Amino acid sequence: MSSQNQSAVVVFSGGQDSTTCLFWALRKFDHVEAVTFQYGQRHIAELECAKEICAKLNVRQHELDMDLLNQLAPNALTREEIKITDDEIPSTFVPGRNLLFLSFAAILGKQIGAKHIITGVSETDFSGYPDCRDNFIKSLNVTLNLSMDDQFVLHTPLMWRDKSEVWELSDQLGAFEFVKEHTLTCYNGIKGEGCGECPSCKLRSNGLEQYEMRRGVVK
Numbered sequence: 648m649s650s651q652n653q654s655a656v657v658v659f660s661g662g663q664d665s666t667t668c669l670f671w672a673l674r675k676f677d678h679v680e681a682v683t684f685q686y687g688q689r690h691i692a693e694l695e696c697a698k699e700i701c702a703k704l705n706v707r708q709h710e711l712d713m714d715l716l717n718q719l720a721p722n723a724l725t726r727e728e729i730k731i732t733d734d735e736i737p738s739t740f741v742p743g744r745n746l747l748f749l750s751f752a753a754i755l756g757k758q759i760g761a762k763h764i765i766t767g768v769s770e771t772d773f774s775g776y777p778d779c780r781d782n783f784i785k786s787l788n789v790t791l792n793l794s795m796d797d798q799f800v801l802h803t804p805l806m807w808r809d810k811s812e813v814w815e816l817s818d819q820l821g822a823f824e825f826v827k828e829h830t831l832t833c834y835n836g837i838k839g840e841g842c843g844e845c846p847s848c849k850l851r852s853n854g855l856e857q858y859e860m861r862r863g864v865v866k
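Residue numbers for the sequence shown follow my numbering, beginning at 648 and rising by one.
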């Protein structure tokens with residue numbers, strides 16, 4: 648399916664991955680809107696960051712209330728009493744999150760005439776999250792099309808990229824410095840470089856270091 652004269656919805660959190668995906672979508676599609684989900688995140692800064700980025704890029708943003716997730720699936724992203732762990736399936740995993748987010752993104756797409764749904768999930772650096780796997784995305788794509796009798800396409804531009812390759816893609820899109828300065832990936836709610844200690848910050852900084860080493864060699 649050609650992306651020309653097509654509209655897209657980006658599942659958007661204001662983090663490194665979804666912001667890179669937003670720049671990717673803006674390059675690929677004629678009209679792009681973003682959808683951000685409020686699900687009881689511990690740090691309101693995440694929602695504020697997403698709003699600021701959309702304003703800077705002149706992208707229409709929809710913010711949907713998904714607080715029911717916090718009630719049904721307590722996790723380290725929404726409950727301070729739950730410690731962040733980096734186990735086989737980390738405590739930051741929110742069961743059903745991507746299932747619900749992508750389903751609601753498709754429902755929004757149905758209303759605004761957008762057939763393309765973009766998400767920043769990755770099986771390469773997926774931290775053990777089962778709903779970041781390629782087979783889940785492909786399965787859900789079929790299910791969404793059957794459920795709404797439509798032809799949505801779920802795009803995962805980061806699926807086979809590790810964090811250094813995500814930085815590389817942002818550079819190719821002319822968004823390297825923007826992503827570096829304006830995104831919020833940190834589990835402790837600190838924009839840019841973050842706290843440097845949480846698993847998300849370590850993954851981000853290690854990827855950045857690897858890419859900057861490659862970048863320096865190229866130069």
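We put the beta carbon where it would ideally sit given N, CA and C, even for glycine.
Just so you know, these numbers come straight off a predicted model, no measurement behind them.
Beta strand (DSSP E) containing residue i: first to last residue?
i	result
L801	800-802
S769	First-last for S769: undefined, no H or E at that position.
S654	654-658
Near residue i, which residues of its chain fall below 7 Å by C-beta distance, leaving aside the five closest residues on each side in sequence?
i	result
C833	G841, C842, C845, S847, C848
K866	For K866, the pLDDT reaches just 41, beneath the cut-off of 50, and the residue's location in the model is therefore unreliable, leaving the point undetermined.
K785	none
K698	Q708
Y858	S811, W814, E815
L831	G661, G662, A692, E693, C696, K838
L653	The identity of residue 653 in the sequence shown is Gln, whereas the question assumes Leu. Excluding sequence neighbours, Q653 sits near F676, D677, K762, H763.
I826	It should be noted that the sequence gives Val, not Ile, for residue 826. Cβ neighbours of V826 beyond the five flanking positions: Q663, T666, T667, S817.
Check for me: the alpha helix (DSSP H) holding residue i runs from which residue to which?
i	result
A761	Unbroken run through A761: none, as it is neither H nor E.
N788	781-795
D818	810-819
E824	823-829
Determine, using beta carbons only, whether residue i and residue j come nearer to each other than 8 Å.
i	j	result
G760	I700	no
C668	K838	no
F799	N788	yes
D818	T771	no
V768	M806	yes
A672	V679	yes
D797	L746	no
Since residue i and residue j are thought to touch, with beta carbons under 8 Å apart, how far apart are those beta carbons, to the nearest angstrom?
i	j	result
V657	I754	Not confirmed; about 15 Å, so no contact.
V813	G854	7 Å
L801	S750	Not really, about 11 Å apart at Cβ, beyond 8 Å.
Keeping to the same chain, check which residues put their C-beta closer than 6 Å to that of residue i; ignore five residues upstream and five downstream.
i	result
F684	L711, M713, F748
R861	none
S665	F659, G767
Grab me the residues of residue i's own chain with a C-beta within less than 8 Å of its C-beta, minus the 5 sequence neighbours each way, in chain order.
i	result
R674	L820
Continuous alpha helix (DSSP H) assignments of at least 4 residues falling wholly in the region 670-720: The region 670-720 contains these whole alpha helix (DSSP H) runs: 692-703, 715-719.
Scan the region 830-866 and note each continuous alpha helix (DSSP H) run of 4 residues or more that stays entirely inside, going in chain order. DSSP runs (the alpha helix (DSSP H)) wholly in the region 830-866: 846-865.
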